[in-house]
Amino acid sequence: MSETAIDVDAFAARARAWLAENLPPADLTRDTFFLYAATHPTDEEVLARAATCRELQRRLFDGGFAGICVPREYGGQGLTPAHQAAFNREIKGYDYPAEIQASTFIPCMAVLLEFGTEEQKLRHIPRMLRGEEIWVQLLSEPGGGSDAAGAVTTATRDGDGWVLNGSKIWTTAGWWGDWALCLARTNWDVEKHRGLTVFSLPMSAPGLQIRQIELVNGSTDFCQEFLTDVVVPDADRIGDVDAGWTVMTRWLYHERTISGGSPYVTGGGNRPNDGPYEPTAMIEAARGLGTIDDSGTRALIGEAQTSALVLRALVESVTRKMATGVLPHHAAAMPRLFGGTANARRAALATELYGDAGVVWAPDDESSAQVGLGFVIRQAACIGGGTTEMARNVIAERLLGMPREQRADADVFRDVPRGP
Ligand SMILES: Cc1cc2nc3c(=O)[nH]c(=O)nc-3n(C[C@H](O)[C@H](O)[C@H](O)COP(=O)(O)OP(=O)(O)OC[C@H]3O[C@@H](n4cnc5c(N)ncnc54)[C@H](O)[C@@H]3O)c2cc1C
72 MSETAIDVDA
82 FAARARAWLA
92 ENLPPADLTR
102 DTFFLYAATH
112 PTDEEVLARA
122 ATCRELQRRL
132 FDGGFAGICV
142 PREYGGQGLT
152 PAHQAAFNRE
162 IKGYDYPAEI
172 QASTFIPCMA
182 VLLEFGTEEQ
192 KLRHIPRMLR
202 GEEIWVQLLS
212 EPGGGSDAAG
222 AVTTATRDGD
232 GWVLNGSKIW
242 TTAGWWGDWA
252 LCLARTNWDV
262 EKHRGLTVFS
272 LPMSAPGLQI
282 RQIELVNGST
292 DFCQEFLTDV
302 VVPDADRIGD
312 VDAGWTVMTR
322 WLYHERTISG
332 GSPYVTGGGN
342 RPNDGPYEPT
352 AMIEAARGLG
362 TIDDSGTRAL
372 IGEAQTSALV
382 LRALVESVTR
392 KMATGVLPHH
402 AAAMPRLFGG
412 TANARRAALA
422 TELYGDAGVV
432 WAPDDESSAQ
442 VGLGFVIRQA
452 ACIGGGTTEM
462 ARNVIAERLL
472 GMPREQRADA
482 DVFRDVPRGP
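Right, dumping it as structure tokens:
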């Protein structure tokens, strides 16, 4: 029997038994995405959790459950998305390395698998799967993140390597990640999409200065990086020189699968549970608040449940159709759009359901705190992973064939006016 022919049910049964023996139960009161955490962890707590993630990832690797869809030669299991989906169903309720899914596996490992050289893949992917390398994305710049092709961080050829100068921003986990994918401009004398190259580099590289950014909810997980004469060997270039946009279109595609559909994600992505937004948690909360019989409350819970079901069905349908060629990869913009708006909406629904408790809460009331802070920061779901406005553009222009947006920057990039 070939490896991929391993029966999904038998695989799921083996996973069930292994999980019960090897992973601790998840702490469902804690939002694992540091950005959303109700009580923001200290730097020491974040580092301790990162160490736990590495250890849990190593356990998955040793148990034969890391990189389920990754080829065996790179340390994976060489199985199918159906096996990964079965494992993701089984792992619900267990603690797993949720905080490293979004950057390390969903976009970065996927990009390395598609564009990395054999040497790069053999060097990094087993280390990612063993929890030894956490990867982050150096993509957005202070001048704007939506227009990725407008990157002005510059890479200049110097002998066998490149010298990078510029700044990146909004890097999730930038200060505790080990390696990064970084988009840089290598040619200013061509049209903007044609002068880009992608590099990989260690976050400890000399000349790379990292500054944590404090958000309104107290989170300090986002970072801004300043690159001053950072030397990157040519061997760490990902894809061809000036062909970075080819890499980027796939990088952005993988990033959009953040709302679901990535074959490389373990569990439910970087948030193993939706905490107080989860419909059953909302039912419990309404019982506690004594509003369960209220028709308005029931409507709120009904809407949350409907949007959760629609998102799941949309992810499944679009993922299947992209895999069979019925839809182009741009279709990932549909679940991205629905996932972003539905998550933001569910944060608002939970706030309505909690009423006063979602605005003022007792110090030990974690659920209410998560609801209140989740409401404040809900729009992040429509921004991270590419904004929902950009997803709308992709759907309009790439799927529906509507006229492309007017471009004022089609000239040689050096000549394009920039600035306010
Ligand atoms: C939770 C989270 C995690 C993130 N993690 C990372 C990370 O790890 N690495 C990283 O590099 N970045 C990360 N980001 C940054 C994110 O990718 C950018 O914030 C995003 O791409 C938008 O860029 P911007 O904030 O510069 O807004 P801008 O690009 O300046 O856009 C401002 C507004 O204008 C809209 N807009 C812009 N252009 C158009 C257009 N052509 N048509 C219609 N509307 C348009 C945008 O949708 C937005 O509403 C993260 C952001 C969040 C919220």
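To convert a position in the sequence shown, counted from 1, into our numbering, add 71.
Every residue gets a Cβ at the ideal spot worked out from N, C-alpha and C, and that includes glycine.
As the structure is a prediction and not an experimental result, all values here were calculated from the model.
Item: For Pro273 and Ala452, what's the separation of their Cα atoms in angstroms?; Value: 28 Å
Item: Determine, using beta carbons only, whether Gly202 and Arg125 come nearer to each other than 7 Å.; Value: yes
Item: State the Cα-Cα distance for the pair Tyr324 and His401, rounded to the nearest angstrom.; Value: 7 Å
Item: For Arg407, is the classification buried or exposed, using 16 other Cβ atoms within 10 angstroms of its Cβ as the cut-off for buried?; Value: buried
Item: Of all the options Trp322, Ala440 and Thr243, which has the alpha carbon lying nearest to the alpha carbon of Ala181?; Value: Trp322
Item: Thinking Thr299 and Asn236 are a contact (beta carbons under 8 Å), I'd like their distance in whole angstroms, please.; Value: 6 Å
Item: Determine contact between the stretch 161-169 and the stretch 213-223, defined as no fewer than three beta-carbon pairs at a distance below 8 Å.; Value: no
Item: If you draw a straight line from the alpha carbon of Met319 to that of Gly411, how long is it in whole angstroms?; Value: 21 Å
Item: Contact between the stretch 366-386 and the stretch 300-311 is defined here as three or more beta-carbon pairs at a separation below 8 Å; is this criterion met?; Value: no
Item: Quick check on Thr242: buried or exposed, where buried means 16 or more other Cβ atoms within 10 Å of its Cβ?; Value: buried
Item: Report yes if the C-beta of Gln376 is less than 6 Å from at least one heavy atom of ligand 1; otherwise report no.; Value: no
Item: So which of Met199, Phe176, Gly266 and Gly248 has the shortest CA-CA distance to Ala121?; Value: Gly248
Item: Would you kindly check if the distance between the Cβ of Asn288 and the Cβ of Ile77 is under 7 Å?; Value: no
Item: Cutting at 6 Å between CB atoms, please list the residues of its own chain near Ala421, excluding the five before and the five after it.; Value: Pro347, Tyr348 and Val442
Item: Per the contact definition of three or more C-beta pairs closer than 8 Å, is the stretch 124-138 in contact with the stretch 166-177?; Value: yes
Item: Go ahead and label Ser217 buried or exposed: buried means 16 or more other beta carbons lie within 10 angstroms of its beta carbon, across all protein chains shown.; Value: exposed
Item: Report the partner residues of Ala314 according to the DSSP bridge assignment.; Value: Leu267
Item: What is the DSSP secondary structure of Asn464, reduced to helix, strand or coil?; Value: helix
Item: Would DSSP call Glu326 helix, strand or coil?; Value: helix
Item: Return yes when the C-beta of Ser211 is under 6 Å from any heavy atom of ligand 1, and no when it is not.; Value: yes
Item: Pro197 by DSSP, collapsed to three states: which one?; Value: helix
Item: Leaving out the 5 sequence neighbours to the left and right, which residues in its chain are closer than 7 Å to Gly278 when beta-carbon positions are compared?; Value: Leu298, Thr299, Asp300 and Val301
Item: Relative to the C-alpha of Gln208, which candidate in Thr225, Asp229 and Trp246 has its C-alpha closest?; Value: Trp246
Item: Lys263 and Asp486: beta carbons closer than 7 Å?; Value: no
Item: Could you check how far apart the C-beta atoms of Leu267 and Leu252 are, in whole angstroms? I think they sit under 8 Å.; Value: Incorrect: roughly 12 Å between the Cβ atoms, too far for contact.
Item: Report yes if the CB atom of Arg327 is closer than 7 Å to the CB atom of Gly457, and no otherwise.; Value: yes
Item: Under 8 Å by Cβ, that's how I've got Gly138 and Gly146 pegged, so tell me the actual separation to the nearest angstrom.; Value: 6 Å
Item: Can you list, in chain order, the residues of its chain with a C-beta nearer than 7 Å to that of Asn464? Leave out the 5 residues immediately preceding and following it.; Value: Glu476
Item: Rounded to the nearest angstrom, what separates Ile466 and Pro399 at their Cα positions?; Value: 11 Å
Item: Per DSSP, which one or two residues make a beta bridge with Leu279?; Value: Leu298
Item: Please give me, in chain order, every unbroken run of the beta strand (DSSP E) with length at least 3 that falls completely inside the stretch 166-241.; Value: 206-209 and 225-229
Item: Is the beta carbon of Val389 less than 7 Å from the beta carbon of Met405?; Value: yes
Item: Take the Cβ of Ser366 as the centre, count every other Cβ of all protein chains shown within 10 Å, and call the residue buried at 16 or more, exposed below.; Value: exposed
Item: If I'm right that Ala357 touches Leu424 with Cβ under 8 Å, what's the distance once you round it to whole angstroms?; Value: 6 Å
Item: Comparing the CB of Ile177 with every heavy atom of ligand 1, is any distance shorter than 6 Å?; Value: no
Item: With Trp89 as the anchor, note down where its alpha helix (DSSP H) starts and where it stops.; Value: Val79 to Asn93
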